[in-house]
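J.: In our numbering, the protein residues as written are 1 to 198.
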């Protein structure tokens with residue numbers, strides 16, 4: 001969509017908003033996604049103008065790989081888009097750690113496994129644990145310091161999550177931990193909570 005074609009859409013969204021239509025109705029009327037409507041819903045004209053001007057100057061995701069992709073297509077004209085995407089992931093999929101996180105990993109002597117973006121099979125397992133703790137332990141709980149929080153959390157785990165049979169593994173987490181503990185490496189050194197800033 002060219003920039004001059006975007007302005008009527010923006011004004012149409014604002015006009016239908018003024019008429020009292022909701023975002024879903026506007027999206028249907030204009031035959032655009034609800035996300036598009038949401039993006040422009042509360043934007044002022046000046047903000048929209050800045051947004052439009054920025055479209056011409058922003059870099060494209062694949063711009064950095066353009067030369068390499070063109071070379072692949074010269075060599076193999078029948079390459080599919082899916083195969084090009086796979087080759088890009090294969091050759092340029094390395095995860096780069098920030099300087100601070102790389103230092104942290106080195107000091108803590110961790111071996112890390114990074115989940116890929118949009119990989120629900122690997123990320124979901126961790127996210128579900130966090131969600132379980134947030135909903136069933138942390139919600140509406142008050143604590144005065146980290147030590148008190150840890151104490152409350154360990155007591156909660158002993159009477160709930162770690163003592164019950166896990167739905168997926170059909171094992172009791174406390175028993176599994178007792179077995180696996182022999183294979184775990186000790187934490188290198190304790191983190192000083194007072195040094196952490198947010």
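Using N, Cα and C, we set each Cβ at its ideal position, and we do this for glycine too.
1. Can you have a look at residue 40 and say buried or exposed, based on whether 16 or more other CB atoms are within 10 angstroms of its CB?
2. Determine, using beta-carbon pairs with one atom in the segment 9 to 17 and one in the segment 26 to 45, whether at least three such pairs fall under 8 Å.
3. Take every Cβ of the segment 153 to 166, pair it with every Cβ of the segment 125 to 143, and state whether three or more of those distances are shorter than 8 Å.
4. Secondary structure at residue 86, three-state DSSP: helix, strand or coil?
5. Which same chain residues end up closer than 7 Å to residue 24 when comparing Cβ atoms and leaving out the 5 residues on each side of it in sequence?
6. At the level of alpha carbons, what is the spacing between residue 198 and residue 112?
7. If you run the structure through DSSP and keep just helix, strand and coil, what is residue 198?
8. Restricting to Cα atoms, I'd like to know which of 147, 131 and 152 is closest to residue 141.
9. Let me know if residue 37 comes out buried or exposed under the rule of 16 or more other beta-carbons within 10 Å of its beta-carbon.
10. Can you tell me whether DSSP reads residue 187 as helix, strand or coil?
11. In chain order, which alpha helix (DSSP H) runs of at least 4 residues are fully inside the segment 8 to 92?
12. Go through its chain and collect everything with a Cβ distance to residue 170's Cβ below 8 Å, but skip five positions before and after it.
13. My output table needs one value for residue 112: the three-state DSSP class, helix, strand or coil.
14. Looking at the structure shown, is residue 141 part of a helix, part of a strand, or coil, going by DSSP?
15. Can you tell me where the alpha helix (DSSP H) with residue 148 in it begins and where it stops?
16. Which same chain residues, not among the five before or five after residue 163, have their C-beta less than 7 Å away from its C-beta?
17. Cα separation between residue 187 and residue 108?
18. Please tell me whether residue 88 and residue 65 are closer than 7 Å, where the distance is taken between their beta carbons.
19. Quick check on the DSSP output: the alpha helix (DSSP H) that includes residue 178 runs from which residue to which?
20. Quick one: residues in its chain with C-beta nearer than 6 Å to the C-beta of residue 180, no 5 flanking neighbours on either side, listed in chain order?
T.: The answer reads as follows:
1. By the neighbour-count rule (16 or more Cβ atoms within 10 Å), residue 40 is buried.
2. With a cut-off of 8 Å, the segment 26 to 45 and the segment 9 to 17 count as touching, because enough Cβ pairs lie within range.
3. Because the criterion of three Cβ pairs below 8 Å is met, the segment 153 to 166 and the segment 125 to 143 touch.
4. Helix, per DSSP.
5. For residue 24, where only same-chain residues beyond five positions count, the Cβ hits under 7 Å are 34.
6. In this prediction, residue 198 scores a pLDDT of 49, lower than 50, which makes its location untrustworthy; no coordinate-derived value is stated.
7. Low local confidence applies: a pLDDT of 49 at residue 198 is under 50, so the model's placement there is unreliable, with the coordinate-based value given in what follows. Coil at residue 198, not helix or strand.
8. Residue 141 has its Cα closest to that of 152, out of 147, 131 and 152.
9. Sixteen is the threshold: when 16 or more other Cβ atoms of the shown chains lie within 10 Å of the Cβ of residue 37, as they do, the residue is buried.
10. In the structure shown, residue 187 falls within a coil segment according to DSSP collapsed to helix, strand and coil.
11. Listed in chain order, the complete alpha helix (DSSP H) runs (minimum 4 residues) inside the segment 8 to 92 are 23 to 30, 34 to 41, 45 to 55, 66 to 75 and 81 to 92.
12. None.
13. Residue 112: coil per DSSP, three-state reduction.
14. For residue 141, the three-state secondary structure derived from DSSP is coil.
15. Unbroken alpha helix (DSSP H) run through residue 148: 146 to 159.
16. Sequence-distant partners of residue 163 (beyond 5 residues in either direction) whose C-beta falls short of 7 Å from its own C-beta, in its chain, are 172 and 174.
17. Each residue's Cα considered, the two are about 7 Å apart.
18. Their beta carbons are under 7 Å apart, which means residue 88 touches residue 65 by this criterion.
19. Going by DSSP, residue 178 is part of the alpha helix (DSSP H) stretching over 173 to 180.
20. Taken in chain order, the list of residues that qualify is empty.
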